[in-house]
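Novice: Anchor point for the sequence shown: position 80 equals 79 in numbering that gives the first Met the number 0, and the numbering is continuous, going up by one each time.
We put the CB at the ideal spot given by N, CA and C, even for glycine.
Here the structure is a predicted model, which means the values were calculated and not measured.
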Amino acid sequence: MEEKKKIRKLILSKLKGKVNRDCIESELWELFFNSSMYVESETIAITVSKFPELSTINAIHSMIEDQKKVVVPKTCLSTNSLAFHQISSLNQLTPGVMGILEPNKNSDVVDLEEIETIVVPGVAFTKEGYRIGFGGGFYDRLLSNYQGNTCSLLFQEQLVESIPVEDHDIPVRELFIENKTR
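1. Return the CA-CA distance between T51 and E115, expressed in angstroms with no decimal places.
2. According to DSSP, is E127 helix, strand or coil?
3. For E1, which residues from the same chain have a beta carbon less than 6 Å from its beta carbon, with the 5 sequence-adjacent residues on both sides left out?
4. Quick one: residues in its chain with C-beta nearer than 6 Å to the C-beta of F137, no 5 flanking neighbours on either side, listed in chain order?
5. Measuring alpha carbon to alpha carbon, tell me which residue in S151, G128, K49, Q85 is nearest K68.
6. Report the option in G98, P94, S143 whose CA atom is closest to the CA atom of C117.
7. Are F124 and Q157 touching if we call contact CB-CB under 7 Å?
8. Is DSSP giving K17 helix, strand or coil here?
9. DSSP state of S80, grouped into three classes?
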């Protein structure tokens with residue numbers, strides 16, 4: 000656990016100093032939007048990012064314009080889980096846990112089985128798709144029960160040689176990486 004904390008701190012520090020973010024983010028989202036994973040998926044789950052993560056807000060807007068069924072997680076602290084809610088407008092988002100934008104109470108819940116692709120957030124990734132998240136374990140628990148597509152979009156700085164892998168860790172299936180794709 001200490002090793003993961005060190006890696007998380009190092010990568011977040013690097014991301015805060017990242018230059019040319021907007022251009023790189025646009026290129027990464029273009030890679031994703033042109034992928035068969037995106038084209039063939041009707042329902043896509045995505046978290047609303049918070050700096051210094053790769054920004055997702057414009058991508059969410061584009062997905063809505065593309066008439067995708069966009070679902071965003073809402074954190075349930077009492078069960079340590081995520082529930083996905085459909086949004087059709089960015090106006091349906093309100094500050095939630097840790098100030099992260101989440102769907103409001105009036106949005107419809109979508110079952111995990113209905114989601115074809117999950118864009119998984121994270122801090123650090125290996126080329127095999129193993130990841131270090133933000134430390135809550137929400138996505139590790141979620142992915143253990145999910146059979147659909149998973150992907151992550153990441154800056155070059157987020158790619159690391161190795162991370163401590165535990166039994167419950169599930170790799171992301173596809174990585175869209177600055178200057179390359181796995």
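Specialist: Per the coordinate set shown:
1. With the sequence shown as reference, residue 51 is identified as Pro, and Thr is not the correct amino acid for it. Taking the straight line joining both Cα atoms gives about 27 Å.
2. In this structure, E127 counts as coil in the three-state DSSP scheme.
3. Excluding positions up to five away in sequence, the list is empty.
4. Once the five neighbours on either side are set aside, the close Cβ partners of F137 are L81.
5. In this structure, Q85 is the residue among S151, G128, K49, Q85 with its C-alpha nearest to the C-alpha of K68.
6. The amino acid at residue 117 is misidentified as Cys; the sequence shows Ile. I117 has its Cα closest to that of S143, out of G98, P94, S143.
7. A contact, by the Cβ cut-off of 7 Å.
8. In this structure, K17 counts as coil in the three-state DSSP scheme.
9. Secondary structure of S80 (DSSP, three-state): strand.
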